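Position 141, counted from 1, in the sequence shown is what the numbering used here calls 927; the numbers after and before it change by one each time, with no gaps.
Beta carbons: idealized from backbone N, C-alpha and C, even for Gly.
Owing to the predicted nature of the structure, the values given are computational and were not obtained by experimental measurement.
Report on the following structure.
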Amino acid sequence: MKKIMYYMIVFTLTLLVMSLSGCSSDDDIVKQEEEVEEVVEGPSAEDSLTVPEDTSFLGDSIMYMKTYSLSEYAIKEVSVSTTQNGHITVMGGYKDQSTVYVYAKVDDDKDDLDEEQVKRILEKYYTVDSYVSNAEIVANIKEKEGVTYDSDFRNLRISVKVFAPQNVSTLLNVARGSIIVKDIHGNQHTATSVSGTIKYIDSSGKNITVNTENGYIGLINTDASQAMNARLAKGNIQIALPKDAKAGLLLESSTKVNAYILNHSNFSGTNTRTKVEGTLNGGGYKIEANSGLGVINLRWYEKGKD
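Written out as structure tokens, the structure is:
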């Protein structure tokens, strides 16, 4: 009897350990997917574009790829627009080729469809265009018009990732989702999202305009020769500047403006709880930020922390 009880206890403990191990593995997968969204690594000064071997981006399968030789096309602008939920990433500094990747997955995570099923839906119900026109890379994604929606139709989350030269302008628009731009130093930059995160990192331009109704805006180690403008109806805005930045500031929030870096030695103007207006380090290009409901943070850029 004691032996039987012993074996039953061992068997029960074994099942418990196996169950816990399986849960741990699932949790690890979730954490890895969450971390991928924040990793935006560009090339070093010596690098040229190497086609990534990754088979996924934010968990989405690669459905489309198009490469343009920079010796054939003098790319000066990247324009990406999608009417679907998803993500747009533009990474600069590539010298030999520019590549456009399109990724897709079912927008409802409860739908368990394999890659081939998603690809059939993409081809049947959506238009994916990528081409070069007048030194501009264009990538447009939208639902097809005049198509009858059968029972196999699903809304897709469609993401675009572009490897580009460093000196290009950007015109980016996504319905709901994130826009991330890194190491881009073109002329004009505009990014728009109904809801989501928009970040310009280690970038510059003549004018930078960023708008989203609901979400987060980050202008990290990024500047402009004329003006940088960020507008957000609901959410937080973070502006991280080099300590030697010279700018005219107009920061307004109905909630709060945190600008603790400003003092009598580097700032002249008004600094209240909800508004900062004046000149930083003697003045220079214009920085305007407005959040209807959210906090605006102005701070110094710290390499390795952004």
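{"Query": "Residue range of the beta strand (DSSP E) that includes Y889", "Result": "883-892"}
{"Query": "Spatial neighbours of E1088 in its chain, beta-carbon cut-off 7 angstroms, leaving aside the 5 residues before and after", "Result": "none"}
{"Query": "Alpha helix (DSSP H) runs wholly inside the region 890-928, at least 4 long, in chain order", "Result": "901-911"}
{"Query": "For T868, the three-state DSSP class (helix, strand or coil)", "Result": "strand"}
{"Query": "Sub-8 angstroms separation of I927 and T978 beta-carbons", "Result": "no"}
{"Query": "A921, buried or exposed, once every other Cβ within 10 Å from all chains shown has been counted against 16", "Result": "exposed"}
{"Query": "Of the listed residues K930, R906, I907, Q903, nearest to D915 (C-alpha basis)", "Result": "K930"}
{"Query": "Helix, strand or coil at A1031 according to DSSP, with G and I counted as helix", "Result": "coil"}
{"Query": "Per-residue DSSP class, three states only, for L1037", "Result": "strand"}
{"Query": "Supposed contact pair S1011 and K1032 - C-beta distance, whole angstroms, cut 8 angstroms", "Result": "Incorrect: roughly 11 angstroms between the Cβ atoms, too far for contact."}
{"Query": "Beta-carbon spacing of T995, T976 below 8 angstroms", "Result": "yes"}
{"Query": "Rounded straight-line distance, which links the Cα of M1014 to that of V1081", "Result": "18 angstroms"}
{"Query": "Close Cβ partners of Y1071 (< 8 angstroms) along its chain, the five nearest in sequence each way excluded", "Result": "D1009, A1010, S1011, Q1012, A1013, M1014, K1032, A1033, G1034"}
{"Query": "I1003 and I1023 closer than 8 angstroms at C-beta", "Result": "yes"}
{"Query": "Rounded C-alpha distance that separates N1044 from S989", "Result": "23 angstroms"}
{"Query": "8 angstroms Cβ cutoff, I994 in contact with chain C", "Result": "Note that chain C does not occur in the displayed structure, where there is just one protein chain."}
{"Query": "Length of the line joining the Cα atoms of L1036 and T1060", "Result": "11 angstroms"}
{"Query": "Residue interval of the beta strand (DSSP E) (run including N1076)", "Result": "1071-1079"}
{"Query": "Classification of D969 by the beta-carbon crowding that lies within 10 angstroms, buried from 16 upward", "Result": "buried"}
{"Query": "Validate contact between the region 949-961 and the region 876-890 using beta carbons, cut 8 angstroms, 3 pairs", "Result": "yes"}
{"Query": "Cβ neighbours of R943 in the same chain (closer than 6 angstroms, five flanking residues each side left out)", "Result": "N871, G872, K891, D893"}
{"Query": "Beta-carbon proximity list for V954, same chain, < 7 angstroms, skipping 5 on both sides", "Result": "I861, K862, E863, V864, G878, I970, G972"}
{"Query": "Span separating the alpha-carbon of G1078 from that of G982", "Result": "16 angstroms"}
{"Query": "Residues sharing a beta bridge with Y1002, DSSP", "Result": "T983, N1022"}
{"Query": "G1068 burial status per 10 Å Cβ neighbour count (16 or more: buried)", "Result": "exposed"}
{"Query": "Paired residues, beta bridge with A1016 - DSSP", "Result": "V996, A1075"}
{"Query": "E1063 in three-state terms, based on DSSP", "Result": "strand"}
{"Query": "C-beta contact flag for N959 and R1017 at 8 angstroms", "Result": "no"}
{"Query": "Distance between Q883 and Y917 (C-alpha atoms, nearest Å)", "Result": "14 angstroms"}
{"Query": "Check whether D897 and R962 have beta carbons under 8 angstroms apart", "Result": "no"}
{"Query": "Which residues DSSP lists as bridging M851, in chain order", "Result": "Y887"}
{"Query": "Straight-line gap, W1086 to E902 (C-alpha atoms, nearest Å)", "Result": "47 angstroms"}
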